[in-house]
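Below is one structure, written out as structure tokens, with a few remarks after it.
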Amino acid sequence: MSSSAAQQIPLQLEARIAQLAADAPTQPWLGREQKQALRAEIKQLLQTQNAQLVAHYYVDDELQSLAEETGGIVADSLEMANFGAHTSAKTLVVCGVRFMGETAKMLSPEKTVLMPDLQATCSLDVGCPAKEFGEFCAAHPQHKVVVYANTSVEVKALADWVVTSGNALQIVRHLKEQGHKIIWAPDRHLGNWIEQQTGIEMLRWQGHCIVHDEFKSYELQALREQHPQAKVLVHPESPAAVVAQADVVGSTKVLLNAVQTLPDAQFIVATDYNIFYKMQQLAPHKQLLVAPTGGHGATCKSCAHCPWMAMNGLQNLRDCLLNQAPQIQLDETIRQKALASVQRMLDFSRQTGLVSAAPSPSS
Ligand code: SF4
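Numbering follows this note's numbering, with no gaps: position 318 of the sequence shown is 377.
In structure tokens:
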């Protein structure tokens, strides 16, 4: 089998992803006083409902700072899942995209899991439908099925392992050492990078993240020439020609660590630019530049900011707490099946020190 062994996504699905991204509603503009009033109301609701905010690095600064101020967490999807499973709060309010809410509910079925907008999806999730993926897996029964966290609960239920960008490399390496063949889904660029790093060849699903897929290598080269001192930080969901120019490649956590610990003063960052909120907090005197998404062949469905992460705002966050809706609900049989593969990932991550056994708030 060659590393080009792959399952293409039908054109209709690509068109649907583009349409969903274009249709994602933007949040209303709010003045300072409106924001302050909403923040105060949300803090009150969180307290009275024994609820905690679980926010991703890519959501709006307002939501990240609220999570920090109220004892919740701002994190990548791995830490979000781990935090939700350990907190004593009765309700989790997941500010991110739908699969993150599903993972929270999967791990904490006794908790109420609210989200500001259940339509906040992910191109990787939409691009890997459970029916088609199940057929693909059934055609290759001798393979271990490894799926990225950015998938539906139904797809996770088909998997042997769930991984995130924070532990994918270590888990695939572990499976390779045990002599397993692997089906990888759904991100084609992350799969390609893992193949290069581990030397394993996988059967790869050809999904993509519309944010990272748009970073442009030619334009990045030009930006580097303008800023020769800048270090280039790249998330591995980006195309190979962009990854090839990176000084550091890794998950959001790895990129945050690089900004904080490297001695350099300037960074070009190829991931969702809302991560700058946390980067500036950790390294306030460093200059951050967004890697280019415009230029030759640009489609700019996202322009370095996820349209579905952007569906989380102060107003719909307040509303979901007030209404106790929308809530994540999961079919119990599917939940149990998916849980086994997520739990395998969490156990592996805790044993290898990739996440702490008892996560601290606002990491
Ligand atoms: S940034 Fe990409 S991977 Fe993350 S939720 Fe948005 S589309 Fe999905």
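Just so you know, even glycine gets a beta-carbon here, dropped at the ideal spot from N, CA and C. These numbers were taken from a predicted model, which means no experiment stands behind them.
For residue i, the residue or residues it bridges with in DSSP
i: Gly266; result: Asp246
i: Val172; result: Leu151
i: Gln386; result: Leu173
i: Leu292; result: Val307, Val328
i: Ile132; result: Val113
i: Ala65; result: Arg263
i: Trp252; result: Paired residues: none, contrary to the question.
i: Val205; result: Trp220, Trp243
DSSP state of residue i mapped onto helix, strand, coil
i: Phe326; result: strand
i: Thr85; result: coil
i: Cys154; result: strand
i: Thr411; result: coil
i: Ala114; result: strand
i: Ile241; result: strand
i: Gln346; result: strand
i: Trp367; result: coil
i: Ile259; result: coil
i: Gln108; result: coil
i: Ser422; result: Note that Ser422 has pLDDT 35, beneath the 50 cutoff, so the model's placement of it is unreliable and the number below is only indicative. Ser422 falls in the coil class under three-state DSSP.
i: Ala281; result: helix
i: Lys275; result: coil
i: Ile76; result: helix
i: His199; result: coil
i: Gln178; result: coil
i: Ser124; result: helix
i: Asn226; result: coil
i: Thr352; result: coil
i: Ser400; result: helix
i: Cys362; result: coil
i: Cys379; result: helix
Distance, residue j Cα to residue i Cα
i: Leu105; j: Ser147; result: 13 angstroms
i: Thr162; j: Arg403; result: 13 angstroms
i: Ile327; j: Gly353; result: 15 angstroms
i: Ile76; j: Val156; result: 15 angstroms
i: Gln86; j: Gly372; result: 6 angstroms
i: Glu254; j: Val206; result: 14 angstroms
i: Gln111; j: Leu380; result: 11 angstroms
i: Pro287; j: Ala350; result: 14 angstroms
i: Glu278; j: Pro295; result: 18 angstroms
i: Pro188; j: Asn209; result: 12 angstroms
i: Pro418; j: Gln123; result: Only weak support is given to the placement of Pro418: the predicted model assigns it a pLDDT of 47, under 50, and the value that follows is read from those uncertain coordinates. When rounded, the distance between both Cα atoms is 17 angstroms.
i: Val153; j: Glu191; result: 28 angstroms
i: Ser62; j: Trp88; result: With a pLDDT of only 44 at Ser62, under 50, the local geometry of the prediction cannot be trusted, and no value is derived from it.
i: Trp14; j: Gly90; result: Absent from the model: residue 14. The displayed extent of the chain is 60 to 422, so no value can be given.
i: Asn141; j: Gly160; result: 12 angstroms
i: Glu260; j: Tyr336; result: 37 angstroms
i: Val185; j: Gln265; result: 12 angstroms
i: Asn333; j: Lys203; result: 35 angstroms
i: Lys235; j: Ile241; result: 8 angstroms
i: Ile230; j: Gln256; result: 12 angstroms
i: Arg409; j: Leu70; result: 40 angstroms
i: Val221; j: Thr107; result: 35 angstroms
i: Ala144; j: Gln395; result: 15 angstroms
i: Met60; j: Arg247; result: A caution first: Met60 carries a pLDDT of 41, below 50, which makes its placement in the model unreliable, though a value can still be read off. So the two alpha carbons sit approximately 17 angstroms from each other.
i: Thr180; j: Phe158; result: 7 angstroms
i: Ala305; j: Gln67; result: 27 angstroms
i: Ala198; j: Ala126; result: 44 angstroms
i: Pro420; j: Asp406; result: Low per-residue confidence applies at Pro420: pLDDT is 41, beneath 50, and the placement is therefore not dependable enough to give any value.
i: Ser422; j: Ile132; result: Because the pLDDT at Ser422 is just 35, under 50, the model does not fix this residue reliably, and the point stays unresolved.
i: Leu341; j: Glu194; result: 45 angstroms
i: Leu217; j: Lys345; result: 43 angstroms
i: Gly309; j: Lys149; result: 33 angstroms
i: Pro168; j: Leu151; result: 11 angstroms
i: Tyr117; j: Ala74; result: 24 angstroms
i: Val318; j: Pro200; result: 43 angstroms
i: Gln178; j: His233; result: 35 angstroms
beta-carbon residue i near ligand 2 non-hydrogen atom, thresh 6 angstroms
i: Ile334; result: Of the ligands this structure carries, namely ligand 1, none is ligand 2.
Presumed contact (8 angstroms Cβ cut-off) between residue i and residue j, rounded CB distance
i: Gly225; j: Leu137; result: 5 angstroms
i: Arg283; j: Val291; result: 7 angstroms
i: Pro298; j: Ala80; result: At roughly 18 angstroms, the Cβ-Cβ gap does not stay under 8 angstroms, so Pro298 and Ala80 are not in contact.
i: Lys215; j: Ser400; result: 6 angstroms
i: Ala134; j: Arg263; result: That pair is no contact at about 27 angstroms.
i: Ile101; j: Leu376; result: 6 angstroms
i: Ala83; j: Met370; result: 6 angstroms
i: Leu398; j: Met139; result: The Cβ separation is near 16 angstroms, so there is no contact.
i: Val172; j: Ile393; result: That pair is no contact at about 15 angstroms.
i: Ser276; j: Ala300; result: 4 angstroms
i: His271; j: Thr320; result: Incorrect: roughly 23 angstroms between the Cβ atoms, too far for contact.
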